[in-house]
Amino acid sequence: MSLDYWSRAKPLFEAARQRPRAAREAFLAAACDGDAALRAEVERLLALSAEADGFFDTLGQERCRLRVGL
Amino acid sequence: MVILPLRTLSPGADALRPVSTPPESSEVTRLLDVLQRGDAGGEGAREALYRRLYDELHALARHHRARWHGNDTLNTTALVHEAYLKLVGGEGSYASRAHFLAVASKAMRYVLYTYAERQAAQKRGGGAPDLPLDEAALVPPHRAEALVALEEALARLEAVDARAARVVECRFFGGLDVDETAEALGISPRTVARDWAAARAWLYGELKRDLLDTPL
């Protein structure tokens, strides 16, 4: 995914993450103000975040044991 | 132990520090002191320390490789900390240890990439970079592609958010915790946590896409 949105998506990702799941949609609708691509990128990062936590936590326990192909 | 914020350390503060470091580590200790002062010599010292640690980590990895069996994998965190104990020992302050580990984490990033790239080239059967195969074997073939993809993604992220890339180096390659990373980079633990969360979500997305054929 392009990093064109990174500087704007990053703070929104953080702000959304601090909110309860149920409140995120309304928050993003207001914060993105009709910028659908920006909103899609923040939502994509939020969705990836849950998976990424598990992935990198495993790495945290066993550094560099990327579980690719196992 | 009193932990001073980095920017409050003046050159004069060095005079108060004990100088009882072993001779072989004196150069590294000197570079760390320059780095910590944060003055004009800082970048040169960082570069010199980086080159020293890059060589040291290669040597330590080779040393371990010689004694390895079967499915052992390169433990980057252990190597980075081993390098610290060898070159600085127990003499360093919390802040100088954090500085060392941050630079070592960056060096570890590129050492690992060198091995992974070599291993991936071998797997493809293509032209191999100049590195003995037994060193490349420090990264198992099935992990090489992921590590190469991770490095490529991290380099893209670094171009737009250098600080986040530093945080990833410390947290992932060096195994530093949030507070150690904050100390090393002169930013707040909260900023570290934010950068880390956003960067790893993005990096994970890149790896997922780049390695579509290979389930993560």
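Chains P and U, in that order, give the protein sequences.
One point on numbering: in this note's numbering, the residue at position 14 of the first sequence is 16, and numbering is uninterrupted.
One point on numbering: in this note's numbering, the residue at position 144 of the second sequence is 820, and numbering is uninterrupted.
Ideal Cβ placement from N, Cα and C applies to all residues, glycine included.
Contact with chain P by residue 837 of chain U, beta-carbon distance below 8 angstroms: Yes - at least one Cβ of chain P is within 8 angstroms of the one on residue 837 of chain U.
8 angstroms Cβ cutoff, residue 40 of chain P in contact with chain U: No - not a single Cβ of chain U is within 8 angstroms of the one on residue 40 of chain P.
Touching by the beta-carbon criterion (3+ pairs, under 8 angstroms), the region 722-734 of chain U and the region 816-830 of chain U: The way I'd put it, the region 722-734 of chain U doesn't touch the region 816-830 of chain U; fewer than three beta-carbon pairs between them come closer than 8 angstroms.
Cβ shell of residue 796 of chain U (< 6 angstroms), same chain only, five flanking positions each side left out: Cβ neighbours of residue 796 of chain U beyond the five flanking positions: 820, 821 and 824.
Local conformation of residue 858 of chain U per DSSP, three classes: Per DSSP, reduced to three states, the secondary structure at residue 858 of chain U is helical.
Residue 7 of chain P to residue 40 of chain P span [Cα, whole Å]: Rounded to the nearest angstrom, the two C-alpha atoms are 6 angstroms apart.
Counted within 10 angstroms of its Cβ, other Cβ atoms place residue 22 of chain P as buried (16 or more) or exposed: Around the C-beta of residue 22 of chain P, fewer than 16 other C-beta atoms lie within 10 Å, and the residue is accordingly described as exposed.
Exposed unless 16 or more other CB atoms sit within 10 angstroms - verdict on residue 709 of chain U: It counts as buried.
Against chain P: residues of the region 774-806 of chain U by CB proximity under 8 angstroms: Against chain P - using a Cβ distance shorter than 8 angstroms - the residues of the region 774-806 of chain U are 788.
Residue 763 of chain U: first and last residue of the uninterrupted alpha helix (DSSP H) it sits in: Here the alpha helix (DSSP H) through residue 763 of chain U covers 752-763.
Below-8 angstroms beta-carbon distance, residue 50 of chain P vs any chain A residue: Absence of chain A from the displayed structure is noted, the protein chains being P and U.
As assigned by DSSP and simplified to three states, the class of residue 22 of chain P: It is coil, neither helix nor strand.
Neighbouring residues, chain P, relative to residue 894 of chain U (Cβ below 8 angstroms): Residue 894 of chain U lies beyond the residue range present for chain U, which begins at 677 and ends at 892; the question has no answer from this structure.
Per-residue DSSP class, three states only, for residue 702 of chain U: In this structure, residue 702 of chain U counts as helix in the three-state DSSP scheme.
Outcome for residue 4 of chain P when other beta-carbon atoms lying within 10 angstroms are tallied against a minimum of 16: By the 10 Å Cβ count, residue 4 of chain P comes out exposed.
Straight-line gap, residue 781 of chain U to residue 702 of chain U (C-alpha atoms, nearest Å): One C-alpha to the other measures close to 20 angstroms.
Stretch pair the region 832-851 of chain U + the region 733-740 of chain U: three plus CB contacts closer than 8 angstroms: No, the region 832-851 of chain U does not touch the region 733-740 of chain U.
CB contact below 8 angstroms: residue 841 of chain U versus chain P: Answer no: the Cβ-Cβ gap between residue 841 of chain U and chain P never drops below 8 angstroms.
Beta-carbon neighbours of residue 832 of chain U, restricted to chain P and to distances below 8 angstroms: One finds 5 in chain P with Cβ atoms closer than 8 angstroms to the Cβ of residue 832 of chain U, taken in chain order.
Beta carbon of residue 843 of chain U nearer than 8 angstroms to that of residue 868 of chain U: Their beta carbons are under 8 angstroms apart, which means residue 843 of chain U touches residue 868 of chain U by this criterion.
Neighbouring residues, chain U, relative to residue 54 of chain P (Cβ below 7 angstroms): Residues of chain U passing the Cβ test: 876, 877 and 880.
Residue-chain proximity (residue 47 of chain P, chain U), Cβ-Cβ < 8 angstroms: At a cut-off of 8 angstroms between C-beta atoms, residue 47 of chain P counts as an interface residue with respect to chain U.
Contact with chain P by residue 706 of chain U, beta-carbon distance below 8 angstroms: Under the Cβ distance rule, residue 706 of chain U does not count among the residues neighbouring chain P, no pair being separated by less than 8 angstroms.
Alpha helix (DSSP H) segment containing residue 786 of chain U, residue limits: Bounds of the alpha helix (DSSP H) holding residue 786 of chain U are 770-800.
CB contact below 8 angstroms: residue 870 of chain U versus chain P: Flagged as an interface residue toward chain P: residue 870 of chain U, by a C-beta distance shorter than 8 angstroms.
Residue 716 of chain U (DSSP reduced to helix, strand or coil): Coil, per DSSP.
Within-8 angstroms CB hit, residue 651 of chain U to chain P: Absent from the structure is residue 651 of chain U, since the part of chain U shown begins at 677 and ends at 892.
Contact check, residue 877 of chain U vs residue 840 of chain U, beta carbons under 8 angstroms: For residue 877 of chain U and residue 840 of chain U, no; Cβs fall outside 8 angstroms.
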